[in-house]
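Peer 1: Take the sequence shown: its letter number 77 is residue 77 in UniProt numbering, and every next letter is one higher.
Glycine included, C-beta positions come from ideal geometry on N, C-alpha and C.
Got a structure for you, questions after.
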Amino acid sequence: MYPMPSYALLSEAVGQPFHLWLSPEQVLPVELLGVEEGIAMTPRHHCYHAHFVLPPQCSLPQDVYRLGPPGEEGWALLLTPGQPVEDGRHVLQAVFHTDRPA
């Protein structure tokens, strides 16, 4: 697995497809819906969260999933259900707390 994705990397990928592994053999296509700044734990930390929209008629529980851009190994992320989008598709959210770059 690669290091956690940065805010810049995810911001540049908004609207792009990602793969979410349900098992080693089963990949679900998702889309990065958006990335937002969050409230950091301390001044030396950076907080941001990413929202991934699931395919229609698909709903998943909170869990640690492997997720990444197509063709890449991805990251192990705790994904939590968020508010569905207007068309009813479900959303999973990842929250990141990282050290700010020096």
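(1) Out of L92, D63, G88, W21, state which residue places its alpha-carbon closest to the alpha-carbon of E73.
(2) Alpha carbon to alpha carbon, what distance is there between T42 and residue 126?
(3) Give me the residue from L54, E12, H97 with the minimum Cα distance to E86.
(4) Could you tell me the alpha carbon to alpha carbon distance between P81 and L9, rounded to whole angstroms?
(5) Do the CB positions of H45 and V91 come within less than 7 Å of each other?
(6) For L33, which of helix, strand or coil comes out of DSSP?
(7) Taking E12 as the reference, which of L79, Y65, P69 has the closest Cα?
(8) Between which residues of its own chain and E31 is the CB-CB distance below 8 Å, once the five residues before and five after are set aside?
(9) So who's on the other strand from Y7, going by DSSP bridges?
(10) Would you report the Cα separation of F96 and S6, rounded to the nearest angstrom?
Peer 2: So, to answer that:
(1) Position 73 of the sequence shown, counted from the start, is the residue given in the question as residue 73. Answer by Cα proximity: W21.
(2) With the chain covering only 1 through 102, there is no way to say anything about residue 126.
(3) Here residue 86 refers to the residue found at position 86 of the sequence shown. Among L54, E12, H97, the Cα nearest to that of E86 is on L54.
(4) Indexing the sequence shown from 1 puts residue 81 at position 81. Indexing the sequence shown from 1 puts residue 9 at position 9. For P81 and L9, the distance between alpha carbons rounds to 22 Å.
(5) Within the sequence shown, residue 45 is the residue found at index 45, counting from 1. Within the sequence shown, residue 91 is the residue found at index 91, counting from 1. In this structure, V91 does not lie closer than 7 Å to H45 by Cβ.
(6) In the sequence shown, counting from the first residue as 1, residue 33 sits at position 33. Residue state, collapsed to three classes: strand.
(7) Translated into positions along the sequence shown, residue 12 becomes position 12. If we check each option's Cα against that of E12, P69 comes out closest.
(8) Position 31 of the sequence shown, counted from the first residue, corresponds to residue 31. Closer than 8 Å at the Cβ level, and outside the excluded window around E31, lie G15, Q16, P17, F18, F52, V53.
(9) Along the sequence shown, one-based indexing puts residue 7 at 7. Answer is none; Y7 lacks a bridge partner.
(10) Here the question's residue 96 lines up with position 96 in the sequence shown. Here the question's residue 6 lines up with position 6 in the sequence shown. Near 9 Å, if we compare the C-alpha coordinates of S6 and F96.
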